[in-house]
Amino acid sequence: MKNYLFILAFAITNNCFAQSDEQKVTERVQQLFTAMFNGDSIGARSCFTEKAIMQTIGMDKAGNSVVQTGSIDAFTSFVGKQAKGTADERIKFDGIKIDGDMALVWTPYEFYYQQKFSHCGVNSFMLFRHKGEWRINYIIDTRRKENCN
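Letter by letter, the sequence shown follows residues 2 to 150 of the numbering used here.
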């Protein structure tokens with residue numbers, strides 16, 4: 002009977018403190034935006050894999066949709082040059098899918114720069130779990146100034 006109670010207590014405790022993959026993925030994405038808000042380039046860089054890719058879908062001068070590829074290093078450098086609260090991306094989690102060591106996260110957002118609305122859109126993240134740690138391997142976003150609701 003003592004062994005049964007010990008096993009039951011261990012199982013309950015373990016379930017209460019174990020984080021699900023969905024929670025870990027959510028925390029990693031949120032960590033990126035917390036680092037951005039705080040002007041923390043090191044914290045932002047730690048969210049990505051070594052060879053992460055960052056892209057944006059936007060419009061060229063002629064009004065055609067284009068995909069632009071940016072640099073994670075340039076992004077984290079930008080983050081590090083911001084005073085706390087200057088770059089404020091407000092996200093909402095609107096879907097998480099996980100298969101093994103791959104996760105997909107969809108987050109509509111509104112971005113405020115120096116406390117003024119700048120643009121909105123959606124981020125799509127692909128995360129990779131390596132040695133138990135979730136990291137962002139790919140991010141692509143849309144950007145617009147209208148139809149943000």
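Note that beta-carbon positions come from the ideal geometry of N, C-alpha and C, so glycine has one too.
Helix, strand or coil: how does DSSP classify residue i here?
{"i": "I141", "result": "strand"}
{"i": "D102", "result": "coil"}
{"i": "F112", "result": "strand"}
{"i": "A75", "result": "helix"}
Should residue i go down as buried or exposed, given a rule of 16 or more other Cβ atoms within 10 Å for buried?
{"i": "K132", "result": "exposed"}
{"i": "G122", "result": "buried"}
{"i": "F118", "result": "exposed"}
Compare the beta carbon distance of residue i and residue j with 7 Å and say whether it is the shorter of the two.
{"i": "K93", "j": "P109", "result": "yes"}
{"i": "E42", "j": "T70", "result": "The residue you asked about is not Glu; residue 42 is Ser in the sequence shown. Going by C-beta atoms, S42 is not nearer than 7 Å to T70."}
If you follow the alpha helix (DSSP H) that residue i is in, where does it begin and where does it stop?
{"i": "K25", "result": "22-39"}
{"i": "A45", "result": "42-46"}
In terms of residue numbering, what span does the beta strand (DSSP E) encompassing residue i cover?
{"i": "T70", "result": "66-71"}
{"i": "K117", "result": "117-131"}
{"i": "E90", "result": "88-92"}
>> Would the segment 34-52 count as touching the segment 135-142 if we require 3 or more Cβ pairs under 8 Å?
In response: yes
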